[in-house]
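Protein chains in written order, with my numbering: chain Z, 48 to 736; chain B, 920 to 1546. Virtual Cβ for every residue (Gly too), placed ideally from N, Cα, C. Here the structure is a predicted model, which is why all the values come from computation and not from measurement. For reference, the structure is listed below as structure tokens.
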Amino acid sequence: MSYRLGVDVGGTFTDLLLINEDTGDTHTAKVPSTPEDSSIGVLNGIARICDESGVNPADVSRVMHGTTVATNAVLTGRGAKVGLVTTAGYEDTLQVARSFCPGGLGGWVSFVKKPLLAPLELTIGAHERIGADGEVVAGLDEEQLRTDLKTLHGTGQVEALTICFINAYINGAHEKRAAEIAAEIFTDTPISISSDVVPEMQEYERTETTVVNSYVRPEVASYVSNLQAALDDKMGSDTQLSILRSDGGLASARASAESPVNMLMSGPAGGVSGAIYFCSRAGYDNILTCDMGGTSTDVALIQNSRARVRRETIVADVRVRAPSVDVRTVGAGGGSIAFVPELTKALRVGPESAGAVPGPACYMKGGEQPTVCDANVVLGYLPSDVQLGGKMDINREASVAAVQSVADAMGIDLMAAAEGIIKIVNESMFGALRLVSVEQGYDPRDFALVGFGGAGPLHANALGILTDAWPVIIPPGPGVLCAYGDATTQVQDEAARTYLTMAGDLTDNQLVADLHELKARAGEALLTDNIPASEHEITYQADLRYAGQAFQITIDFTEDELKEKGVALLTDQFDGEHEQLFTFKLDDGHEILMIRAVAKARAKSIAERQVGETGMSLEQCIIAPSRFYYEGDWYDANIYDRNKLNTGLQVSGPAIVGEMDSTTVVLPGFVAEVDAVGNLLINPVNGGQ
Amino acid sequence: MTARLLETNKDPLKKIDVDGVTVDIIENALRNAREEMDAVLFRTAMSPGIREQGDCFPMIANKDGKMVVGQFGSFIGPFLEAYNDEIEEGDIILTNDPYMCNAAVSHLPDWVVLVPVFKEGRHIAWSAMFGHMSDNGGMVPGSIPIEATTIFQEGIRIPPTKLYKKGVLQSDLLELILHNVRTPQWNRFDLNALVAACNTAAKRCVELAERFGDDVLFSTMDIMLQRNYDAMKHIIGMFIPEEPREFEDYLCDDGMGMGPYKIKCTMWREGEKAIFDFAGTDPQAQSSVNFFLNEDMFKMFFGSFTINVVDPQIVFNDGFYDLVDVRIPQGTLLKPNYPAALSGRTHALGRIFDVLGALLGMGAPEMMLNAAGFSDSPHLFFSGYDSRPGKGNEWFQLFQIGFGGVPGRPVGDGPDGHSLWPGFTNVPNEFIESYFPLRIERYETIADSGGAGLHRGGNGLSVAYRFLCDGDIGIHDERWLTYPWGVLGGETGLRSTKRLVRVDGSEEWLPAKAEGIKVKTGDMLYFNTWGGGGWGDPFARDPELVRQDINRRLVTVEGAKRYGVVMAADGSVDSGATETLRAELKAAAGEPALFNFGGDIEDIRSRCEAETNLPAPVKPTFIGLSQ
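In structure tokens, the structure reads:
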């Protein structure tokens, strides 16, 4: 027997999913997260899931892990003290931060700048200079650097060191030499250099990205090595630990500990991967994902079962040049607080959130302000009179009192206020969905909409109406979907170089030769992790733009495609995408900025799982009758048990489908059908309204 | 005459009741559409000025031309009044001439695109956007000639013109225009991007009308305008005193030897109406530093500065214009007579914000008064033929915007080397070095340039440009003579300087406004911007914060004495010496005035040459005064 284990560490819960690779049987577990050291929660979870399933831990061969340990280090400001070496004259790059003040006219009046991740007092300048063409303008003054590094070391404060020199993206020789010198002085401190971490133009972005890498590196490294040691101890030393990166690929624990800046979006990437896993097997390759949590919602557009990867990652105020699944986040979640400014009498929802503490009013943990969750309770979407598996008690009276305050401020009745809150929050998620679809030139009607996360299935049907993206898909276990994603993705690595070449000046042979060089480098990490070359799948990417543009589009291609069409493959595809995005294209002037080789380990397939309880009729799946309010009217609605619903059963709205960690609302005029994979597919009755 | 909109569907839009939640939803959707305009523009524009620095402004207006979402207020009303022709579906209007649209745009390099939005033959809204073009032809590269005396020297003037007629691009016209600028390819792309952005917004308006109904959208726009009216009525009652309050500040010089020019404004309230009267402002300048100020645009400045107080999420718009009366005397720096030159208007535009900030803040300085900050966007132009090997003597021209110190504010210290303009960012130096023949050898904040205060003014920036081929440079800067003032005991910030170090080692101090300066390969220009003024009593600042600033190289040990802070040899604060020095300085300073201007104008003028190495400008004689 061979098992793989997916583990997703979220802010509140650690979700685990154990899959039998031969039978497809799954077991899930949910344990509280342990933010002070997440590996404790992971080990608790492993103990629980093995205990409950009777699986011998030694039979688990692979542990695939999505983690917010890097993200949390940024969010809580608990990263390392970072020392920074820049080119002399550029010490203030982070302080100036491209001179940007957020907000509109007068935004500067209230702008408060966050402390730098590499403080100025721990920043030194090295005397050296590389020109824009990569030539050495002034050699590195090693003597001076040594002296200054010793002084910096003498402060005793530097826990991680970053080196970022001007124009190092085109020639990293000085950075590499400086790193060698630094390693002699900072003997036990991790050193990150920009030409390794992100060899891309733009000094501020490159410096910030490399600094963030340093900032989270010690914490991530110790977490990963502790976890690996504990796993070895419990499961045997042949257990492979992999970590999900922001771009949706898995990396070995060793590789991820060196460039943790690539793990900042590990969590959302897991959700996207899980959604792709269930939807592609149901035949839906083009999907919009909507992952609604307590404080925010992540949305993404997936085409041909492949997530778009953006070469930028944003965590709170921190924006770095690291590839991540193109997920857009809006500050709208189940805990978002509704309020009415006195003067304008407008109804506002979020971005303030009640969080887990004090939480929505209905949970009676001290929260009194009305949240989206409370509006769902008032409207009956979140049933308060029926105990669903594993749920906390819901107090409808507390929700009513909270929502009434909004109703009174607006001068409308309670139910109208509750519906207003839901409509506003749906609209802001709709805005994010438009951002990834319409605004990128895609028509949402060509996509299916996938709702997951704790609150996604409550709102998914309504979002389907707004986007007209059908069916609306609620995958199995929408609350633990990230763990599914973790368990079902492939190990991958990549190698890249700045190219800055005009397509017109490039021969097909030259491009192939340059790509082969990258292919070899990309495969190295997989080889190190004992994945033989025969198991590698190689794809390529090129970033193109019209010379002079700051914008760029990443083109994915294979060697076969390139051999067939030559360099025109890239320019034609770029023109096509550019026209889709901006309604026009140019005939020439294509500049290739970067080329990249991506090496993936071939996927090992997993057998299909069993759906629901075979033979159960629809009536047998009813837990209890209930009712909810929609568009001004009350409707009677049965509550169904998701765990019993089996393939082919159809649940007609109005209805509610409950399961351990999530609640799905099926609105009047819609019907949800269970497919062979276990998804709920919600469609308008008679195919359209 | 006025513009006439041709509609094939004459059914008038109806004013109907719309429930509050629907209004909120449409408000959000329109805000998203406006943000999408920016996104489309940034991705497709090509010039660094628009793309990297974000020098562009979108808006969506109702069918009467009132801005419903946007930033700098509507320029459609004045345009409609001035445009004597028919407009129909598929037309797209282009103009850049301030004199043809009552200063809706204020200088020729700003090209504005207007799109009337039609749905089923009915005119339902407007979308519009303007962006700063890299070049507009005329006397100098970059088209902001300091020494222009009429607008005819500032490049091509495009009266309101149909760039598209019924959806068809008038390419002859476009080619004629582009033939007259030095950067046709950039302008072509940027203009394309402006049109694409406006078309996107138009499409969103139509989609909203389809989703909610034409009458609902039409009526909602009115309700959004009314929301702003209500909010601003409250604000005006709260912040604007009935007793007149006045403030004056100065534009240092006109680049042709005269200055400083006074800008004066008096503010008071009559009933629910706020009045801003610029009587007392100096007459128009001989050169291009005039700022033709549209009254509505000033209302917008005022509104956007204050509305955040009551509902930061409100979609800000034109709705409150009837509550504000702006009076600008004809023939002054702010309303010059045709055909006065206008291109260098940036400095007076920036100074207006200092004046407005002071007027609004001085009633409650502890809560609302900021010191004078980096109220400008100084320029550097560098142009010529790239003579480096392999570059083929290709023509280049660089337009750079400078950044400086945000002032000390009630909320805290001012950031160093930042921008006061929304959305502006610097162009990455690596980008500049790879596309232009220069190397930026240093890019750092200037220690001690921020005014001392309880809250320190932000430091200015020093940028050292090494020229890698021969060429011409032009400089536009300000606050080299008058000071970025401090408030509530805060000191003034350090003024701007420009020092050119020739390759032979000789040095010269360049004026703040100069053009046609020849530079040689290897010459180095130190372009130093000014720091923000300080806020509050510097002797009350925690000495530990001063020590931290020293460790960060933002303040020097010597500079710390302006805070009365004395450092010991080991780098810690010498508490005893600090206490003594603070007592001494406090006694000498006496009770501080609300504003610290660094002396009166005559005083400053008399010290000018000694302090700045530049001759003092002479008192302006007013050529525009005779009208």
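Between which two residues does the beta strand (DSSP E) holding residue i run?
i                : result
isoleucine 571/Z : Isoleucine is not the amino acid found at residue 571/Z; the sequence shown has glutamate there. Note, glutamate 571/Z: premise wrong, no beta strand (DSSP E); alpha helix (DSSP H) at 555-575.
isoleucine 641/Z : Per the sequence shown, residue 641/Z should be read as methionine rather than isoleucine. Note, methionine 641/Z: beta strand (DSSP E), 637-648.
methionine 663/Z : Here methionine 663/Z belongs to no beta strand (DSSP E), and DSSP marks it neither H nor E.
serine 108/Z     : 107-114
glutamine 287/Z  : 287-291
glutamine 539/Z  : 539-549
leucine 728/Z    : 727-731
isoleucine 703/Z : 702-706
asparagine 67/Z  : 60-67
Which residues in the same chain as residue i place their Cβ atom closer than 8 Å to its Cβ, once the five residues preceding and following it in sequence are excluded?
i                : result
glycine 437/Z    : Residue placement at glycine 437/Z is poorly supported in this model, since its pLDDT is 47, which falls under 50; the coordinates are not used for a value here.
glutamine 158/Z  : Note that residue 158/Z is phenylalanine in the sequence shown here, rather than glutamine. Excluding positions up to five away in sequence, the list reads Cys148, Pro149, Gly150.
isoleucine 240/Z : Thr209, Ile210, Cys211, Ala215, Gly219, Glu222, Lys223, Ala225, Ala226, Thr257
alanine 120/Z    : Gly126, Tyr262, Val263, Glu266, Val267
alanine 917/B    : One cannot answer for residue 917/B here, as it falls past the ends of chain B, which runs 920 to 1546.
valine 387/Z     : Ala393, Leu394, Arg395, Val453, Ala456, Met457
Leaving aside the five residues before and after residue i along the sequence, list all residues of the same chain whose C-beta is less than 6 Å from its C-beta, in chain order.
i               : result
leucine 435/Z   : A caution first: leucine 435/Z carries a pLDDT of 47, below 50, which makes its placement in the model unreliable, though a value can still be read off. Around leucine 435/Z: Gly705.
serine 85/Z     : Val56, Val116
alanine 594/Z   : Gly636, Glu638
serine 1338/B   : Phe1322
threonine 575/Z : none
cysteine 1117/B : Val1032, Val1034, Ser1046, Met1048
glycine 397/Z   : Gly378, Ala379, Ser383
proline 1028/B  : His1051, Met1052, Asn1055, Ser1062
Leaving out five residues before and five after residue i in sequence, what residues of the same chain have Cβ atoms less than 7 Å from its Cβ?
i              : result
arginine 368/Z : Val245, Glu247, Glu252, Arg253, Thr256, Arg358, Glu359
arginine 492/Z : Asp515, Ala516
leucine 278/Z  : Val110, Thr286, Leu288
glycine 1390/B : Phe1301, Ser1302, Gly1303, Val1438
Counting along the chain, where does the alpha helix (DSSP H) carrying residue i start and finish?
i                : result
serine 86/Z      : 85-100
tyrosine 270/Z   : 250-282
isoleucine 232/Z : 220-232
serine 313/Z     : 313-328
leucine 426/Z    : No alpha helix (DSSP H) contains leucine 426/Z, which DSSP labels as neither H nor E.
proline 1035/B   : It is not in any alpha helix (DSSP H) - proline 1035/B instead sits in the beta strand (DSSP E) that spans 1029-1038.
Tell me, to the nearest whole angstrom, how far the beta carbon of residue i is from that of residue j; I am working on the premise that it is less than 8 Å.
i                   : j                   : result
asparagine 1236/B   : valine 942/B        : Actually they are not in contact, since the Cβ atoms of asparagine 1236/B and valine 942/B sit about 13 Å apart, beyond 8 Å.
threonine 1200/B    : leucine 1279/B      : Going by Cβ atoms, the distance from threonine 1200/B to leucine 1279/B rounds to 18 Å, so no, they are not a contact pair.
methionine 1219/B   : phenylalanine 991/B : 6 Å
tryptophan 1340/B   : arginine 1398/B     : Contact doesn't hold; Cβ gap of about 16 Å is too wide.
alanine 207/Z       : threonine 236/Z     : 6 Å
leucine 616/Z       : phenylalanine 604/Z : 6 Å
leucine 141/Z       : leucine 163/Z       : 5 Å
phenylalanine 499/Z : proline 522/Z       : 6 Å
arginine 643/Z      : glutamine 557/Z     : Actually they are not in contact, since the Cβ atoms of arginine 643/Z and glutamine 557/Z sit about 16 Å apart, beyond 8 Å.
| message | My parser needs the beta strand (DSSP E) runs of 3 or more residues fully inside the segment 1419-1471 of chain B; what are they? | response | 1426-1428, 1432-1438, 1443-1447
| task | For the segment 1142-1162 of chain B, enumerate the residues whose C-beta is nearer than 8 Å to any C-beta of chain Z, in chain order. | result | Arg1146, Asp1149, Ala1150, His1153
| field | Chain-ordered residues of the segment 197-222 of chain Z with a beta carbon less than 7 Å from chain B | value | Ile213, Asn214
| query | Looking at chain B, which residues of the segment 440-467 of chain Z have a Cβ within less than 7 Å of any of its Cβ atoms? | reply | Met457, Gly467
| request: Report the residue ranges of all alpha helix (DSSP H) runs contained in full by the segment 119-205 of chain Z; include only those spanning at least 4 residues, in chain order. | output: 140-143, 189-201
| field | Every unbroken beta strand (DSSP E) inside the segment 485-526 of chain Z [3 residues or more] | value | 495-499, 519-521
| task | Quick one: which residues of the segment 146-177 of chain Z get their C-beta closer than 8 Å to a C-beta of chain B? List them in chain order. | result | Ser146, Phe147, Cys148, Gly150, Gly151, Leu152, Gly153, Gly154, Trp155, Val156, Ser157, Phe158, Val159, Lys160, Pro166, Leu167, Glu168, Arg176
| Going along the segment 1366-1390 of chain B in order, which residues come within less than 8 Å of chain Z, judged by CB to CB distance? | Leu1380, Ala1383
| Ranges of the beta strand (DSSP E) found wholly within the segment 936-1007 of chain B, counting only runs of at least 3 | 975-981, 986-989
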